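Visitor: Residue numbers (mature numbering (1 follows the signal peptide of the UniProt record, and there is no 0)): -26 to -1, 1 to 228.
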Amino acid sequence: MGSSNPKQWLRLVMMLPVLTISPAHADSTHYPGRTHYQAPQALEALVVDGVADEAIWEKAAWRPLNQRWLGPEYSRDDFQGRYKVVWTENKLYLLGEFVDDILIDTHRDPLSQYWDDDTLEVFLDEDYSGGDHQYNHNAFTYHFSLDNQAIDIGTDKKPRRYSHHVESRWQQVNNTILWEVSIDVYTAAYQDDTDNNQPTLLSAGKVMGLMVAYCDNDGSELRENFIGSEFAPGEGKDRGWIDAGLFGELTLVE
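#1: How long is the line joining the alpha carbons of residue 120 and residue 37, rounded to whole angstroms?
#2: Residue 100 and residue 162: beta carbons closer than 8 Å?
#3: What residue range is occupied by the uninterrupted beta strand (DSSP E) comprising residue 146?
#4: With 16 other CB atoms within 10 Å as the buried threshold, where does residue 133 fall?
#5: Give the list of continuous beta strand (DSSP E) stretches no shorter than 3 residues that lie fully inside the segment 90 to 177.
#6: Answer yes or no: do residue 76 and residue 169 have a C-beta to C-beta separation smaller than 8 Å?
#7: Report the rounded CA-to-CA distance for residue 142 versus residue 57, giving the unit in angstroms.
#8: Helix, strand or coil: how does DSSP classify residue 43 here?
#9: Quick one: grab the DSSP three-state call for residue 56.
#10: Could you give the C-beta distance for residue 203 and residue 39, rounded to a whole number, given that I count them as a contact under 8 Å?
#11: Nearest CA to the CA of residue 63: which residue from 225, 177, 208?
#12: Which residue or residues does DSSP assign as beta-bridge partners of residue 21?
#13: On the three-state DSSP scale, how would you describe residue 29?
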């Protein structure tokens, strides 16, 4: 998420072209050049422990985080990142591997400047519909903190904890972090402030929107780099928290 004026961002998004990527999703609005990822199915639930020693992970392909959305050039010693995805009927699982020479979590209030600490961001659109999701649940942007909380903006336009949607654990060996998360997938009908929401069941052939990013901070008040998995055309490259048209295509396969 960016810290710019939300009204300015909204005007920018409204001016950007609406583009479809294929006849299969003719009613979707996505920019050209989106990645396509096929996630294999796990036959049983995974243990989210930051170890990721289940055999199913070997069947999933790595994809890089190599798009510098914000910040100066960085060295490979400062940051490297990649991710892979698998699924079960009940959950989506994501494994991230990051080289980060300094880990920072200085903003102790989890609802304040959570994007300015070292943060894993997972952008998820249940039906690959694209479009605006700034203050609605057409898509979610889960900001995973180093203390394994997950934050997004609610329909009240305020940051909220969505840690009950996820499980998050990470392990560090030298400068390499292995970060494992599971996510309950919700549709755009999700409502805040109710216990009646039910995760949607997943099945082979389902197409979703996915984008992954990492906020890197090496000791500043603000994050120094924001690196993602998708190319963001034009200005305002950190607008994924508003515009689900930037997300890549995730297909669930057997």
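Heads up, the beta-carbon is just placed ideally off N, CA and C, and yes, glycines get one too.
These numbers were taken from a predicted model, which means no experiment stands behind them.
Guide: Reading it off the structure:
#1: 22 Å
#2: Yes.
#3: 140 to 147
#4: buried
#5: 93 to 99, 114 to 118, 124 to 127, 133 to 135, 140 to 147, 150 to 157
#6: no
#7: If you draw a straight line from the Cα of residue 142 to the Cα of residue 57, it is about 14 Å long.
#8: Residue state for residue 43 is assigned as strand, using DSSP reduced to three classes.
#9: strand
#10: 5 Å
#11: Considering only alpha carbons, the answer is 177.
#12: Bridge partners of residue 21: none, in fact.
#13: helix
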